[in-house]
Structures are given as structure tokens and as C-alpha cells.
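For the sequence shown, the working numbering puts the final residue at 329, and the numbers step up evenly by one. Below is one structure, written out as C-alpha cells, with a few remarks after it.
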Amino acid sequence: MPTTFLCEGAEMGERPTRIPVIAVIGYKESGKTTVIEGLTSRLTERGYSVATAKHIDQKGFRIDKEGKDTWRHAASGANPVIAVSDVETAVIHRRGLGALNLRSLLGLIPKADLLILEGFSKIVLGDKHIGKIVCVRTLREYEDFRRRIRGEALAFCSLETLGEPILSVKENLSTLTERAIEYVERRKSILEILDSLPNLDCGKCQYRRCECLAEAIHDGRAKLDDCVLIKVRPKLKTRITLNGVEVHINPFISEIVRRSVLGMISTLKGVEIRGDETLQIEISQKK
Ligand code: SF4
């Protein structure tokens, strides 16, 4: 599978997803659900916990039925409404795709190794953080999607036999699964590295964004202290920890905090500040 670098031409402001996301996109009857069924069963067999989400392309569609108790709960203003039976729990949020973006969709998933999306082409095609499997019915559709996709296309596939490079859904499910796993493992590793970086996208290193440095570290092209903020940390005269977690600050902020706090302390009765003191302030929760 060709690896495209996520950060090539990446724009500021695009945020990575919390877990790897693969979208299976394509027109109606192109085999999306068949691909998702095949992938999900193979991935879960291999120990991955898989969440899926499907975009229902039907104007005004509601999962709830008018007049049912849960519908009446929602009609009276409840949001979300939770329906619980002995085998399933359904959480119905009163908001559709208009108010829901991919990042907020991920917020609805408590824990999973990856999310597979069916559809959502409009928000997925231009998002470089999502790996795409594109189901096509004709060579013309293949050419069309190839032009419109940004970021990683893991595969093009078809229920028809269209020839290379378009995989056959019936014969090449194992190849699709291997590509999905390769993508998920790479993204997981990049996201883990990203957790060790300040995540401030300060633009001070040559990579401009923390995720781009994480990608370079994963690929062996860079190391953690290529992050300017991590490199200068031992030399900073101010350290801030919030709820036990160190807050990454740059030398400028470090100096402003140091001078401001020492300045305030110096106004206290009986305190004389020389500028070389060690000061520790702890603010705890009011009991
Ligand atoms: S210097 Fe560090 S915090 Fe700033 S963009 Fe680079 S990796 Fe992110």
C-alpha cells in the first residue's frame, strides 16, 4: 500500500481523530456494507474492537417511531433519550449530521480500537485524517473519486471485476483487511507519539504541527526533542503542573509567569525578592 504523508500540504486547524477512522465510501449498491461486514468480522477475529457508524441518506429519517414512549420523551424535550432492553441499549440524540461533525461523533464512542464509517462522503473526502476505502461500480467512478480524495486511499474496490488497481470485494477481502490493519497500526502509533508532544501546534519546529512531527518520528525521520518546547523544557525557570500533568509552555510564557508571580509576591509584607529564588505555589480544590 503506498504511504501518503498526512502532513504533506496539511492545513493548520485540521485536528487528528482520537482513534483511527476508516471510511468506506461509494454510491448506492456499490458494496459498502459488504466490505464493512467482511472487514469487521475479520478485524474482530484478530482482536480489534470495532465501532461502526452509518450515514442514513434519507431526509428526515428517525430511528424512533412516532407515538412510541421514547418518541414522546423526545417530543417533550428530553435529549438524549435512552432506551434499554434486556439485550440492547440505544441512545437517541436529537441532532443530525448538520449539528454533528466527525469529532463529536467520536465523542459518542466510549472505547474502540477503530471506527469504521459507512458513507459520510461529504465530510470524509476532504479529511486527511481518515483512511478511505472506496467502492466503485465503474472505471469512471474510480477516476472521479481518485480526483476528489484528500489523504490516504487504502484501496479502491468493486463488486464487479474492473481489473488493477481496483480490488475485487469477493476475492480480495484479505488484502483489504491487511491494508486496514496496516493503516490502523500506523495511526495508533502516531497518535501515541502525539500524546508525548505538547499538542500546541505552535509552529516553532520545522514540522509546523505536532502531528506532523509525530508522523516524522514514527517514520524514523525525527526525534522527540525536535519539538522546540520539549528541547527547551530543562532550561525553563517556570514549571506548571495542572492536576498532576505538566503543562507545556514556551520560554516567553515561562518568563512572563515567573516575573509576574515574583512581582506579586514581592509586594507581600516581609518578602524580599532577589530573582534567584525557588518558588512553589500549590492551588488545590476548595473542600
Ligand atoms: S515545536 Fe513542539 S509544540 Fe510546536 S509545533 Fe512543533 S512539535 Fe508542536
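The C-beta atom is built at its ideal place from N, Cα and C for all residues, glycine as well.
Taking DSSP as the reference, what is the three-state secondary structure of residue i?
i, result
"Val211", "coil"
"Ala41", "The structure shown does not extend to residue 41, since the chain spans only 43 to 329, so no value can be given for it."
"Ala264", "coil"
"Glu87", "helix"
"Ala154", "coil"
"Thr46", "In this prediction, Thr46 has a pLDDT of 48, which is less than 50 and means its spatial position is unreliable; what the coordinates show is noted afterwards. Three-state result, Thr46: coil."
"Val274", "helix"
"Leu304", "helix"
"Thr320", "coil"
"Asp111", "helix"
"Ile61", "coil"
"Lys279", "coil"
"Leu310", "coil"
"Gly168", "coil"
"Asp186", "helix"
"Val129", "coil"
"Ser296", "helix"
"Gly73", "coil"
"Met54", "Confidence at Met54 is low in this model, with a pLDDT of 48, below 50, so its placement is unreliable and the value that follows should be read with caution. Coil, per DSSP."
"Gly80", "helix"
Taking residue i and residue j to be in contact with their CB atoms under 8 Å, please state how far apart those CB atoms are, rounded to whole angstroms.
i, j, result
"Ile175", "Ile64", "6 Å"
"Ser296", "Leu278", "4 Å"
"Arg136", "Asn121", "4 Å"
"Asp155", "Val92", "7 Å"
"Cys171", "Gly193", "Here residue 171 is His; the residue named in the question, Cys, does not match the sequence. At roughly 7 Å, the Cβ-Cβ gap stays under 8 Å, so His171 and Gly193 are in contact."
"Ile315", "Leu157", "About 53 Å separates the two Cβ atoms, so there is no contact after all."
"Thr283", "Val299", "With 8 Å as the limit, Thr283 and Val299 do not qualify as a contact, their Cβ atoms being about 13 Å apart."
"Tyr69", "Glu183", "7 Å"
"Leu181", "Leu204", "6 Å"
"Leu266", "Ser238", "6 Å"
Can you list, in chain order, the residues of its chain whose CB lies under 8 Å from that of residue i, leaving out five sequence neighbours each side?
i, result
"Ala264", "Tyr249, Leu255, Ala258"
"Cys199", "Gly73, Val77, Ile175, Val176, Cys177, Val178, Ile208, Leu209, Ser210, Val211, Asn214, Leu218"
"Leu271", "Pro240, Leu242, Cys244, Lys246, His290, Ile291, Asn292"
"His260", "Arg228, Ser231, Ile232, Ile235"
"Thr94", "Ile78, Thr82, Leu157, Ile158, Leu159, Glu160"
"Val166", "Ala65, Ile67, Leu144, Leu159, Ile172, Lys174"
"Ile323", "Val303"
"Arg84", "Leu215, Ser216, Thr219"
"Gly80", "Val211, Leu215, Leu218, Thr219"
"Leu310", "none"
"Leu148", "Thr59, Arg60, Ile61, Val63, Leu157"
"Thr307", "It is worth fixing the name first, because residue 307 is Ile in this sequence and not Thr. For Ile307, where only same-chain residues beyond five positions count, the Cβ hits under 8 Å are Val313, Ile315, Leu321."
"Val274", "Asn292, Pro293"
In the DSSP assignment, what are the bridge partners of residue i?
i, result
"Ile134", "Val123"
"Ala95", "Leu159"
"Leu284", "Val287"
"Lys102", "Inspection of the sequence shows that residue 102 is occupied by Gly rather than by Lys. Answer by DSSP bridge pairing: none, since Gly102 is not bridged."
"Val176", "Ile67, Phe198"
Below 7 Å CB to CB, which residues in the same chain sit around residue i once its five sequence neighbours on both sides are set aside?
i, result
"Lys96", "Glu160, Gly161"
"Asp268", "Cys247, Leu255"
"Ala116", "Asp106, Val123, Ile134, Arg136"
"Ala195", "Lys174, Val176"
"Thr86", "Val92"
Looking only at its own chain, which residues have a Cβ that is under 6 Å from the Cβ of residue i, when we skip the five neighbours before and after it?
i, result
"Pro58", "His171, Glu253"
"Asp318", "none"
"Tyr225", "Gly173, Leu196"
"Asp330", "Look at the range of the chain in this structure, 43 to 329, and you will see that residue 330 is not part of it."
"Ala125", "Thr112, Ala132"
"Gly34", "Any answer about residue 34 is impossible in this case: the structure gives the chain only from 43 up to 329."
"Lys153", "none"
Which parts of the segment 194-254 are runs of the beta strand (DSSP E), unbroken and 3 residues or longer, counting only runs that do not cross its ends? 195-200
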